[in-house]
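Have a look at the structure below before the remarks.
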Amino acid sequence: HSLWGHLLWNSAKCMVEYLVEHAEDIRGKQIVELGAGIGLPSVVASMKGAKRVVITDYPDEDLLMTIKSNVERLDLKVGCAPLIAITHEPDKYGKNMEVVGHKWGSNTQQLRDLSCGRGFDLIIISDAIFNHYAHNALLRSCSELLCDSPESRILVSFSHHRPRLYKEDLNFFEVHLLRS
496 HSLWGHLLWN SAKCMVEYLV EHAEDIRGKQ IVELGAGIGL PSVVASMKGA KRVVITDYPD
556 EDLLMTIKSN VERLDLKVGC APLIAITHEP DKYGKNMEVV GHKWGSNTQQ LRDLSCGRGF
616 DLIIISDAIF NHYAHNALLR SCSELLCDSP ESRILVSFSH HRPRLYKEDL NFFEVHLLRS
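Our numbering numbers the first residue of the sequence shown as 496 and each following residue consecutively.
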């Protein structure tokens with residue numbers, strides 16, 4: 496089946512709008528995006544001042560190449576090297592981005608290492624909770640990756656792909672609350 500990661504979904508557009516409107520909340524933060532698809536929210540987070548952005552999706556070579564290609568099209572360097580991001584503020588550059596394959600629920604040590612071992616201040620999830628069978632795995636990755644701080648957050652944007660299954664979509668939040 497398709498991984499759907501080559502498309503720009505409306506919930507990613509909404510996430511981008513939120514990140515732009517709340518740039519002060521992401522400046523200087525370490526951010527990971529789970530199920531990034533084309534990676535637009537991550538790129539915008541980098542452009543708006545995030546200290547480090549790790550872009551993840553299913554460890555499929557074609558899918559990860561799509562993300563890397565999108566970043567490179569914006570003349571950004573992927574990897575640990577400094578990258579120059581286009582912003583509306585002068586001299587805002589030197590951020591870091593990394594593209595990494597990650598299967599939800601699997602070992603997160605590689606990702607935690609990219610956060611200097613402390614975890615991430617912010618986790619971004621856009622349009623990924625329609626995979627109901629993967630809720631527990633996604634939440635496991637979230638709980639292992641989020642840093643232990645009262646300021647840490649998980650931002651989730653989604654749309655009901657199958658409106659008749661809206662309760663299953665919302666179950667993601669119920670399961671999260673039960674785990675908290």
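Glycine included, C-beta positions come from ideal geometry on N, C-alpha and C. Model, not experiment: these values are computed from the prediction.
- Counted as a single uninterrupted DSSP element, the alpha helix (DSSP H) harbouring E567 occupies residues E556 to R568.
- Scanning E516, V549 and I521 for the CA closest to the CA of L609 turns up V549.
- For D608, the enclosing alpha helix (DSSP H) starts and ends at Q604 to L609.
- CA-to-CA, the gap between E567 and A545 works out to about 18 Å.
- Bounds of the beta strand (DSSP E) holding E528 are Q525 to L529.
- Between the C-alpha atoms of R547 and K563 there is a straight-line separation of about 16 Å.
- In the structure shown, the three-state DSSP call for N626 is coil.
- The criterion of a C-beta distance shorter than 8 Å is satisfied by G530 and D552.
- Counting C-beta atoms within 10 angstroms of its own C-beta, L617 has 16 or more neighbours from the protein chains shown and is therefore classed as buried.
- Note on M560: under 16 other CB atoms within 10 angstroms of its CB, so exposed under the neighbour-count rule.
- Judged by DSSP in its simplified three-state form, L650 adopts strand.
- Distance from the CA of E646 to the CA of G523, rounded to the nearest whole angstrom, comes to 13 Å.
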